[in-house]
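Counted the way the numbering used here counts, the sequence shown spans residues 109 to 321. For each residue, glycine too, the CB sits at the ideal point set by N, CA and C.
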Amino acid sequence: MYYYAMTIVSVISWPFARLIFIKELIERKIGTALDKIPSWIKPDHFCYARMALSIPVNYFIFWRPIYALALFFYLLACITDFLDGALARRRNEYSKYGASLDPTADKVLNGSIFGCYLWFICEEGWFLRQIIRIALVIDGITFFAAAAFFFLGKKRVSANPYGKLKFGFQCVGIYFLMVRSAGLAFVTLSLGAGLGILSIFGHMGLLDNRGRA
109 MYYYAMTIVS
119 VISWPFARLI
129 FIKELIERKI
139 GTALDKIPSW
149 IKPDHFCYAR
159 MALSIPVNYF
169 IFWRPIYALA
179 LFFYLLACIT
189 DFLDGALARR
199 RNEYSKYGAS
209 LDPTADKVLN
219 GSIFGCYLWF
229 ICEEGWFLRQ
239 IIRIALVIDG
249 ITFFAAAAFF
259 FLGKKRVSAN
269 PYGKLKFGFQ
279 CVGIYFLMVR
289 SAGLAFVTLS
299 LGAGLGILSI
309 FGHMGLLDNR
319 GRA
């Protein structure tokens with residue numbers, strides 16, 4: 109049963125896996141541009157920027173709905189997710205703190221949107237609201253597990269491939285939430301929730317090494 113489930117997830121995730129390949133190709137192409145980033149700007153700064161950008165994103169979605177601006181700031185936040193890893197690899201600046209900060213920034217960005225959505229939006233379907241709650245629970249479990257591993261010094265805590273794909277599906281799902289496409293949001297967020305569960309298993313060592321970062 110496990111292998112059937114993994115086959116289905118692999119087929120569905122294939123387009124996003126291709127995007128990861130394209131992302132690595134872009135990194136190689138813009139290497140010289142990354143070298144022009146001042147040395148005092150560290151990869152961690154892009155993680156802080158991503159968390160800070162959650163404020164205007166939520167403001168323009170829920171408090172003063174201007175979805176064009178919300179999408180603009182959200183795309184900026186997603187770009188920082190690309191830049192922090194690309195810059196760290198380019199400079200070979202890896203740290204245990206940075207490896208934990210990156211997925212934490214992802215959870216702050218998307219988790220804040222999910223939380224505000226449940227608080228402010230009441231007219232959407234019951235199933236969509238439940239899958240958003242599930243996404244929040246999964247992100248909460250992975251966050252506290254990562255924090256425990258970090259402070260106990262048990263292992264290097266970084267996003268595994270399942271977690272990266274989960275974040276990708278969540279980003280697409282949030283776009284569908286912005287454009288009020290509840291059905292497509294439900295589908296993509298459900299897939300993200302499934303990948304989030306696999307990510308938890310990966311961090312717990314219940315999957316083989318190919319599922320680890």
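What whole-angstrom Cβ distance do residue 286 and residue 207 have, given they're in contact under 8 Å?
That belief does not hold up - the Cβ atoms of residue 286 and residue 207 are roughly 30 Å apart, past 8 Å.
So what's residue 281 in DSSP terms, helix, strand or just coil?
helix
Beta carbon of residue 240, beta carbon of residue 222: below 7 Å?
yes
Quick one: does residue 192 have its CB under 7 Å from some CB of chain D?
Annotation note: the requested chain D is absent from the structure, which comprises a single protein chain.
With H, G and I counted as helix, E and B as strand and the rest as coil, what does DSSP make of residue 218?
helix
Residue 287 - DSSP class collapsed to helix/strand/coil:
Assignment of residue 287 by DSSP, reduced to helix, strand and coil, places it in the coil class.
Using the Cβ count rule (16 or more neighbours within 10 Å means buried), how would you classify residue 245?
exposed
Helix, strand or coil, according to DSSP, for residue 270 in the structure here?
helix
Under three-state DSSP, which class holds residue 146?
For residue 146, the three-state secondary structure derived from DSSP is coil.
Tell me, to the nearest whole angstrom, how far the beta carbon of residue 159 is from that of residue 213; I am working on the premise that it is less than 8 Å.
5 Å
So, helix, strand or coil for residue 198, using DSSP?
helix
So, helix, strand or coil for residue 164, using DSSP?
helix
Should residue 249 and residue 187 be called a contact, given that it needs their Cβ atoms to be closer than 7 Å?
no
Taking DSSP as the reference, what is the three-state secondary structure of residue 233?
Residue 233 falls in the coil class under three-state DSSP.
Just to confirm, is the Cβ distance from residue 217 to residue 185 under 7 Å?
yes
Between the Cα of residue 271 and the Cα atoms of 251, 289 and 288, which residue gives the shortest distance?
251
Pick helix, strand or coil for residue 173, following the three-state DSSP scheme.
In the structure shown, residue 173 sits in coil (DSSP, three-state: anything other than H, G, I, E or B).
CB contact flag (residue 292, residue 284, <7 Å):
The answer is yes: Cβ separation under 7 Å.
Given this structure, state the Cα-to-Cα distance separating residue 304 from residue 138, to the nearest angstrom.
30 Å
Quick one: residues in its chain with C-beta nearer than 6 Å to the C-beta of residue 168, no 5 flanking neighbours on either side, listed in chain order?
174, 177 and 178
Excluding sequence positions up to five away, which residues of its chain have a Cβ less than 8 Å from the Cβ of residue 122?
The predicted model places residue 122 with a pLDDT of 43, which falls under 50 and marks its position as unreliable, so this point remains unresolved.
Option in 182, 161, 172 and 196 with minimal Cα separation from residue 147:
With distances taken between Cα atoms, residue 147 lies closest to 196.
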